[in-house]
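Visitor:
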Amino acid sequence: MLKQSLEALKQQSSRYQEERSVSEESHRLEVLCKEIEELNTSQKSPPLDEHTEDRPSEQPDMKTRGSVCGPATDRGANSQRSTGDKDQELESLRKEIAVLRGESAVAKTLQAAVEALEGDKARLRSRVHGLEQRLMGTRASEGGDREAPPSGEEARIDLFLSDASAGDAAMEQLREEKEFAEGQINFLNSVIVDLQRKNEELKVKLKKLALAEFNGTDGADGSHEGASKQAEKKATPRLFCDICDRFDLHDTEDCPTQAQSPDAVPHTAYHGKRADERPYCDICEAFGHATESCNDDQTF
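Residue numbers (our numbering): 46 to 345.
1. Count the other CB atoms, across all protein chains shown, that sit within 10 Å of the CB of A226; report buried if there are 16 or more and exposed otherwise.
2. If the criterion is Cβ atoms closer than 9 Å, does the pair L247 and A158 meet it?
3. Between the segment 248-258 and the segment 141-151, do three or more beta carbon pairs fall short of 8 Å?
4. Could you compute how far the alpha carbon of D321 sits from the alpha carbon of A331?
5. Which of helix, strand or coil does DSSP assign to R283?
6. Reducing DSSP to helix, strand and coil, say where A152 ends up.
7. When DSSP builds the beta bridges, which residues end up paired with R139?
8. Could you work out which residue in I328, E80 and P324 is closest to H334 when comparing CA atoms only?
9. Does the distance from the CB of L145 to the CB of L84 come in under 9 Å?
10. When you compare each of Q303, M216, S59 and A215 to A161 by their alpha carbons, which one comes out closest?
11. Compare the C-alpha of R220 against each of V238, A255 and L180 and name the closest.
12. Suppose you measure from the CA of E75 to the CA of M216; what does that come to, to the nearest Å?
13. Identify every residue that forms a DSSP beta bridge with R291.
14. With DSSP as the reference, identify every bridge partner of C326, one or two as the case may be.
15. According to the Cβ coordinates, are D287 and T297 closer than 9 Å?
16. Give me the residue from R126, Q56 and R139 with the minimum Cα distance to E82.
17. When DSSP labels each residue in this structure, what does C300 get in the three-state scheme?
18. I need the straight-line Cα distance from F232 to E222, nearest angstrom please.
19. Would you report the Cα separation of D132 and T86, rounded to the nearest angstrom?
20. Could you give the distance in angstroms between the alpha-carbon of T336 and the alpha-carbon of C329?
21. Using a 10 Å radius around the Cβ and a threshold of 16 neighbouring Cβ atoms, would you call Q218 buried or exposed?
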């Protein structure tokens, strides 16, 4: 009777817990998949071929400027390769999440089994306590009967002996039930400890995987990859000519004024700091000295 009722309670509790855990896990995994899709969409960059397809008339100019656009094209290719690598990492994380779905369902089932076993353990403890009380009561009643046996009456002596043998059999049965219940309690304690350990390990693993999926990294290489991307995003230095004192035209070494004739007036080659104010002479109309320190004897 006790085993049958215990099995029925276990089956009913496991069915209820399994249905509830499946619904909760499905909802949580749907939310996680939506976050993964949003992260994947935000990390995808538009292809580099869109600009060339929209403006076919600029293709001859691109041939003449191949040496200038070469580094930019290389950076675009590197960016595409990095995006492809990131997509592969996200795909692998999705596969791991799909594997963990089954493990999470198993964990929920184990948690339900733990709760059911804890309830069974409590009921068995109460059962053991009741059996101990009954055993103590039986021993006390047998001791009282043996202390004052009726003397001189064979019929009553025989009845006493039969009752005593029946009491011994009852005590033996109660003792066996007690030992069985204690063994069940010890087994349930060991199963509960093992299931709780497995459940904690699955929770930690699922949390780490969800965090890595949300950050878009695989954990160990995240910092190194972020640093390399930051280095690629640094802007190239602007061109500046010290002779013409102009930005974004050409470099000083490529200045066309260096090819002038010897009779032409040379340009100044000022190599000081750009933030400093250069001295200028209003009399000579030239840089190099101030008006107050001009040695020209010209008068106005």
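Beta carbons: idealized from backbone N, C-alpha and C, even for Gly.
Guide: According to the structure shown:
1. For the purposes of this step, residue 226 is taken as residue 181 along the sequence shown, with counting starting at 1. A226 should be labelled buried.
2. Counting from one through the sequence shown, the residue named residue 247 turns up at place 202. Counting from one through the sequence shown, the residue named residue 158 turns up at place 113. No Cβ-Cβ contact shorter than 9 Å links L247 with A158.
3. Cβ pair count under 8 Å is three or more, so yes.
4. One-based indexing of the sequence shown puts residue 321 at position 276. One-based indexing of the sequence shown puts residue 331 at position 286. Going from the Cα of D321 to the Cα of A331 covers about 17 Å.
5. Within the sequence shown, numbered from 1, the residue matching residue 283 stands at position 238. Coil.
6. In the sequence shown, counting from the first residue as 1, residue 152 sits at position 107. It is helical.
7. Sequence index remark: in the sequence shown, residue 139 carries index 94 (1-based). The secondary-structure analysis by DSSP pairs R139 with nothing; it has no beta-bridge partner.
8. As a working note, residue 334 is residue 289 in the sequence shown. If we check each option's Cα against that of H334, P324 comes out closest.
9. Here residue 145 refers to the residue found at position 100 of the sequence shown. Here residue 84 refers to the residue found at position 39 of the sequence shown. One thing to note: L145 has its Cβ no nearer than 9 Å to the Cβ of L84.
10. Translated into the one-based positions of the sequence shown, residue 161 becomes position 116. Cα-wise, what sits closest to A161 is S59.
11. What you label residue 220 is simply residue 175 of the sequence shown in a count that begins at 1. Looking at V238, A255 and L180, the one whose alpha-carbon comes closest to that of R220 is L180.
12. For the purposes of this step, residue 75 is identified with residue 30 of the sequence shown, where counting begins at 1. For the purposes of this step, residue 216 is identified with residue 171 of the sequence shown, where counting begins at 1. Each residue's Cα considered, the two are about 58 Å apart.
13. For the purposes of this step, residue 291 is taken as the residue at position 246 of the sequence shown. R291 is bridged to C286.
14. On the sequence shown, residue 326 is found 281 positions in, with the first residue counted as 1. The secondary-structure analysis by DSSP pairs C326 across a beta bridge with A331.
15. What you label residue 287 is simply residue 242 of the sequence shown in a count that begins at 1. What you label residue 297 is simply residue 252 of the sequence shown in a count that begins at 1. It is a contact, given that the beta carbons lie within the stated cut-off.
16. The count along the sequence shown starts at 1 and reaches residue 82 at position 37. E82 has its Cα closest to that of R139, out of R126, Q56 and R139.
17. Here the question's residue 300 lines up with position 255 in the sequence shown. It is coil, neither helix nor strand.
18. On the sequence shown, residue 232 is found 187 positions in, with the first residue counted as 1. On the sequence shown, residue 222 is found 177 positions in, with the first residue counted as 1. Straight through space, the alpha carbons of E222 and F232 are spaced by roughly 15 Å.
19. Against the sequence shown, residue 132 aligns to sequence position 87. Against the sequence shown, residue 86 aligns to sequence position 41. For D132 and T86, the gap between their C-alpha atoms comes out near 10 Å.
20. Numbered from 1 along the sequence shown, position 291 holds the residue referred to as residue 336. Numbered from 1 along the sequence shown, position 284 holds the residue referred to as residue 329. Across the structure, T336 and C329 are spaced so that their CA atoms are roughly 8 Å apart.
21. By one-based count along the sequence shown, residue 218 stands at place 173. With a 10 Å radius around the Cβ and a threshold of 16 neighbouring Cβ atoms, Q218 comes out exposed.
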